[in-house]
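Below: one structure, written as structure tokens.
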Amino acid sequence: MKKKKFLKQIFHLVIIYIPFRILVFFLKLLPIFLYPKIGKIMGKIVFSTMRKTRKRIIKNIEMAFGKKYSAKEMKKICQQVLTNVIVNFMELDQLTKLKEEKLMKMAEIEGEVILEKFLKENKGIVAICAHFGNFPIAQTILSKKGYPINMIVRETNNKYLARYSQNWRKKLKVLAIPKWNLKKTIDESQKWIRKGGILCFYIDQYHRSGVKCDLFGKTFLAPIGAAVFARKYDTPVIGIFTYKLETGKHKIIIEGPYPIKKTKNITEDIIENTTLFMKRIEHYVSKYPEQWFSWLHRMFR
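Right, here's the structure in full:
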């Protein structure tokens with residue numbers, strides 16, 4: 004067992020982390036305006052070489068949209084998804100080098116008044132989020148603007164990459180509650196809500212312990228944390244979504260509050276409220292399918 008664990012660590016370090024850091028080093032030497040072109044080239048390479056990933060993305064798109072897109076269009080969306088993943092990563096790595104003034108100009112915010120209104124109530128805010136657009140930029144910019152925003156994250160099991168992510172967030176002063184120890188995660192999340200902060204829940208990935216709800220007409224198991232917290236602490240629930248405009252600028256949408264059902268039937272309420280949240284995610288994915296990165300995972304099982 005120890006030998007197996009040791010070999011796994013060597014693999015994580017030598018095969019994944021070291022090449023990753025070399026790539027990051029060279030990317031930092033490049034000007035930002037080249038990122039879209041480089042991302043497009045790398046996206047084509049990944050699309051051509053990573054057959055399993057390509058098939059999974061296309062299958063997910065087909066299951067979600069049925070016959071809305073032709074085979075050619077689905078391949079195009081798949082390639083755009085891969086390109087956007089690469090470009091977004093390149094952008095994120097540059098954030099630590101940017102002056103705050105330039106960083107703030109990377110995005111425009113719609114619905115900021117909603118945040119300001121509910122923060123004054125000091126009841127805490129549950130925010131529904133998705134792995135959509137360059138979502139870490141939204142967390143970064145809202146944090147830089149002084150909003151008390153936090154998120155629950157599941158770190159990668161590669162300890163070297165996990166440490167890199169933690170250092171990146173630390174440099175940008177982006178808060179996160181790690182999801183290693185469930186009890187500790189819940190305790191820290193409760194404290195944050197009680198302090199009146201914004202707690203972001205990324206609920207758009209399959210969760211085997213989740214509740215069955217409708218997503219694109221298919222059964223999807225969604226995590227229930229957001230619905231449970233909203234009910235328990237009677238907090239307003241809003242949506243925070245990010246997508247990239249054709250200009251290259253990011254748009255941060257803050258919407259809500261969502262109407263939350265609260266009856267004596269707790270289970271039904273959680274299912275109905277979670278379904279509502281997923282429908283809002285579906286709305287944005289339908290508009291910009293190439294910007295949703297959960298296509299990379301097995302969504303419908």
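In the numbering used here, the protein residues as written are 4 to 304.
Even for Gly, the Cβ is constructed at its ideal location relative to N, Cα and C.
These figures come from a predicted structure and were not determined experimentally.
- With respect to the 9 Å criterion, Ile-60 and Leu-85 are classified as neighbours on the basis of their beta carbons.
- If you look at Lys-198, you'll find it isn't in any beta strand (DSSP E); DSSP assigns it neither H nor E.
- Around the beta carbon of Pro-139, 16 or more other beta carbons lie within 10 angstroms, which makes this residue buried.
- Tyr-287 places its beta carbon 9 Å or farther from that of Asn-276.
- For Ile-140, the enclosing alpha helix (DSSP H) stretches over residues 138 to 147.
- Excluding the 5 residues flanking it on each side, Phe-232 has same chain C-beta neighbours closer than 6 Å at Val-129, in chain order.
- Note that the C-beta distance between Ile-257 and Ile-243 is below 9 Å.
- DSSP assignment within the region 66 to 125 yields the following whole beta strand (DSSP E) runs of 3 residues or more, N-terminal first: 110 to 113.
- In the DSSP annotation of this structure, the continuous segment of the beta strand (DSSP E) that includes Asp-217 starts and ends at 214 to 218.
- In the three-state scheme derived from DSSP, where H, G and I count as helix and E and B as strand, His-286 is classed as helix.
- Cβ atoms of Glu-111 and Lys-252 come within 8 Å of each other, at about 6 Å.
- Annotation for Lys-47: the continuous alpha helix (DSSP H) segment containing it runs 38 to 52.
- Going by beta carbons, Ile-255 and Leu-101 fall outside the 9 Å limit.
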